[in-house]
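Count the sequence shown with mature numbering (1 follows the signal peptide of the UniProt record, and there is no 0) and you get residues -21 to -1, 1 to 407, in order. Since the structure comes first, as structure tokens, the remarks are kept for the end.
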Amino acid sequence: MKNMKKWPVLGMTLALSATLAACNEEEAAGSGEGGEVTLDFWSFGATNYEELAEAYEAENPNVTINVKVSETAEHHDALFTSLSAGSGAPDIAMLEVDQFDRFKEAQGSFENLYDLGAEDVQGEYLEWKWNAGANQEGDFLFGLPTDIGPKALYYRSDVFEEAGLPTDPAEVSAMIDSPEAFKEAGLQVLEETGKPFVDSIEMAFRAYLDASEETYLNPEGELLIAQEGNDVKKAYDYAVELNEAGVVGKFEMWTPEWANAVNTGEFAVELGAGWLKGWMEGNAPDAAGKWRVATLPTEFAANWGGSYLAIPSETENAQEAYDFTEWLVSADNQLGSFQEKGLFPSAPAVYEMDEFTGNEDEFFGGQVTSSVFAEAAQDIDTAVFKGVKYFPVNNEVLNALKNVQNGADPEEEWDAAVKRAQDLIDRQ
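Laid out in structure tokens, this is it:
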């Protein structure tokens, strides 16, 4: 009987020892001090980051990286919820540029990458892209640069030829070298082919808008479009001017009608980012060999899209997370991401690599389109500040433009959009 009584005590001792050992292992793994490290990495969209994570694990056997891929909106909403709750955030999070300002308001929820060694690689990226990853003061870096979306002029060579316009990319760039020349080319296409030049009034509006240093809001949250001479009104007026000239179509991007028009050549040009060519190659089979890419006028030089990699401050492995992130966005790996998934590099060293400069696009008639987008990326001076209310305010202006295209008075629609936008700001 006495021996039997000792078994529960012994069992409790063994269980306690096992628990303590497990805790010690978890602490070692969590601290990254000589133990196993597990990093949770949340991303979105089509990237090759899962494959790169496996390559990093092979080089660093003590590191395990769990990559979770979600849809863009779902990803950002889940991350925002986790950060607000103070728990459940990953070690590394991908942030899309249009969502970035939403998260910059939660600076305390992120690691300052300058504290982890980011200054050592600052010179390896486009200056405007790097600066947009920091706070307004420039002393807190939220994320390392991944891909970018430099804009260029996609044009249908067959439509241009029918209209009597040049079709060689260099000649097109030389011809369409200003907003005025853009309109003149549109009028010639309309006269000779009967087709609209640009696909939609939104894309006509974005010609100037995406290149503006200021859009709807300033960092203090003030509504800039309520002021005289603002950049958004300039973009609005230009879109109205092109519409009144008859060179704007009604093919709204991503709709089935737009996709069919891209495929069959129902409009002449698209002001698109580098990532659009990947969509075209996969979704417009009848257009193969008919699209080309030229540089835009400097007044329209802009970025549309791209991301950063940030490290939420909840992580217990900040340095390990940073080390992987720095490796992931190196020039060599950005080249791989470009080759595999079309993510356009933000590291200029890639623009000089043979694999980049010799990357002929069969869909674009054998043109090396990467060089055009590289030139466009280096023509950009600064990233546009958008602010948390960018999307709802932008939608008000777009609704006004669509009403104008359907016959409404441009000035009345502008005034109404500004009033609706101010109401949105006042309600925050």
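Note that the Cβ used here is the ideal one computed from N, Cα and C, for glycine as well.
Report task. Kindly indicate which three-state DSSP category Trp233 falls into: helix, strand or coil? Result -> coil
Requested in this report: Indicate the three-state DSSP secondary structure (helix, strand or coil) for Ser49 in the structure shown.
Outcome: strand
Query raised in the report: Does the separation of the CB atoms of Leu221 and Tyr28 fall below 8 Å?
Result: no
Query raised in the report: Smallest Cα separation from Ala355: which of Pro276, Leu377 and Glu15?
Result: Pro276
Query raised in the report: When the distance is taken between beta carbons, is Asp210 closer than 8 Å to Thr194?
Result: yes
Query raised in the report: For the 8 Å Cβ check, are there 3 or more pairs between the region 123 to 142 and the region 238 to 248?
Result: yes
Query raised in the report: So which of Glu84, Arg81, Leu123 and Gln115 has the shortest CA-CA distance to Glu98?
Result: Leu123
Query raised in the report: Closest by CA to Leu31, which one among Val367, Thr348, Ile404 and Thr304?
Result: Thr304
Query raised in the report: How would you label Ser63, buried or exposed, when you count the other beta carbons within 10 angstroms and need 16 or more for buried?
Result: exposed
Query raised in the report: For the putative contact between Gly284 and Val76, defined by C-beta atoms under 8 Å, what is the C-beta separation to the nearest angstrom?
Result: 6 Å
Query raised in the report: Roughly how many angstroms lie between the CA atoms of Thr341 and Glu33, to the nearest whole one?
Result: It should be noted that the sequence gives Glu, not Thr, for residue 341. About 31 Å.
Requested in this report: Determine the direct distance from the alpha carbon of Asp388 to that of Thr294, and round the result to whole angstroms.
Outcome: 54 Å
Query raised in the report: Can you tell which of Val42, Ala52 and Lys381 has its C-alpha closest to the C-alpha of Ser179?
Result: Lys381
Query raised in the report: Taking buried to mean at least 16 other C-beta atoms within 10 Å of its own C-beta, is Glu207 buried or exposed?
Result: exposed
Report task. Can you tell me which of Thr348, Thr274, Ser22 and Val367 puts its alpha carbon nearest to the alpha carbon of Met152? Result -> A quick correction: the sequence has Ser, not Met, at residue 152. That would be Thr274, whose Cα lies nearest to the Cα of Ser152.
Query raised in the report: Short check: CB of Gly143 to CB of Glu163, under 8 Å?
Result: no
Requested in this report: Report the option in Asn114, Gly200 and Phe121 whose CA atom is closest to the CA atom of Ala400.
Outcome: Gly200
Query raised in the report: To the nearest angstrom, how far is it from the Cα of Ser309 to the Cα of Gly386?
Result: 51 Å
Query raised in the report: Among residues of its own chain, excluding the 5 on either side of Ser88, which ones have a beta-carbon nearer than 7 Å to its beta-carbon?
Result: Leu62, Pro291 and Ser292
Query raised in the report: Can you give the beta carbon distance from Val177 to Val226, rounded, assuming they're within the 8 Å contact cut?
Result: 7 Å
Query raised in the report: In the structure shown, what three-state DSSP assignment does Phe343 receive?
Result: helix
Report task. Indicate the three-state DSSP secondary structure (helix, strand or coil) for Thr304 in the structure shown. Result -> helix
Report task. Can you say whether Asn262 is buried or exposed, counting buried as having 16 or more other CB atoms within 10 angstroms of its CB? Result -> exposed
**Report entry** Buried or exposed by the 16-neighbour rule on C-beta atoms within 10 Å, applied to Leu197
**Finding:** Checking the sequence, you will find Asn at residue 197 rather than Leu. Exposed, by the Cβ-count rule.
Query raised in the report: When the Cα atoms are used, what is the spatial distance from His54 to Trp21?
Result: 8 Å
Requested in this report: Would you tell me roughly how many angstroms separate the C-alpha atoms of Gly96 and Gly165, rounded to the nearest one?
Outcome: 49 Å
Requested in this report: Please say whether Lys130 and Asn282 have beta carbons closer to each other than 8 Å?
Outcome: yes
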